[in-house]
Each structure stands twice: as C-alpha cells, then as structure tokens.
Amino acid sequence: MIIEHGFQPSCSEATVYISVDNITDKKAQDIVNEIVKMIEKEYNGEQGDNEVYRDTIFGMKIITVKGDYPYNYESNLVKYLNKKKLAWQ
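So the sequence shown is numbered by the numbering used here: it starts at 19 and just counts up by one.
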C-alpha cells in the first residue's frame, strides 16, 4: 500500500517520493516497472533523464521517481497510480 507521497521540485527536475508499506519487494519492483512504463508512454517512448528506483530511508521503503518534467510530473503520477487501483491514504 502506498502510504504517503511527496514532491520536491527544482528548476529542471521533479522528484516524487512514495513511501510504501506492507508490500513485498516484488510488489515494489512491479510498481517501479509500471511507473517506468507510464513515463515511457506519456513521453512518447523516451525515458530521457528519468529515474525510478527503490530505496530505504530511515527504515521506510521508498520509491523515488526523478524526472525532468517538474510542472506536471506529480499529478500525472498520482493519476496513473490511482488508475491502477493502488490505495492512497
């Protein structure tokens, strides 16, 4: 379950942090793979300078999404994940 997300904009890049809980490493990797597919589809098959990876920060599982689309990146990601029926709290 995705329990929190945050957005850190900068002048040329946006970073979305998604804290996940009660999911397996495989499920976390599945989410990463789905996000990568969304990025490639949204931006015409070009992933560009985007990165999606799993991490642990202070014991929390985090999926970090970095992209060079700072103005609409988070809203697109949230809409996409909601379509996938992932629970947001």
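The beta carbon of each residue, even a glycine, is placed where N, CA and C say it ideally should be.
{"Asked": "Confirm, please, whether the CB-CB distance from residue 84 to residue 118 is below 8 Å.", "Found": "Because the chain in this structure spans residues 19 to 107, residue 118 falls outside the shown range and cannot be described."}
{"Asked": "Given that a residue counts as buried once 16 or more other Cβ atoms are within 10 Å of its Cβ, and exposed if not, what is residue 36?", "Found": "buried"}
{"Asked": "Are the beta-carbon atoms belonging to residue 46 and residue 75 less than 8 Å from one another?", "Found": "no"}
{"Asked": "Which residue comes first and which comes last in the beta strand (DSSP E) that contains residue 75?", "Found": "69 to 75"}
{"Asked": "When we look at the beta-carbon of residue 40 and count the other beta-carbons within 10 Å, is it buried (16 or more) or exposed?", "Found": "exposed"}
{"Asked": "With DSSP collapsed to three states, give me the class of residue 53.", "Found": "helix"}
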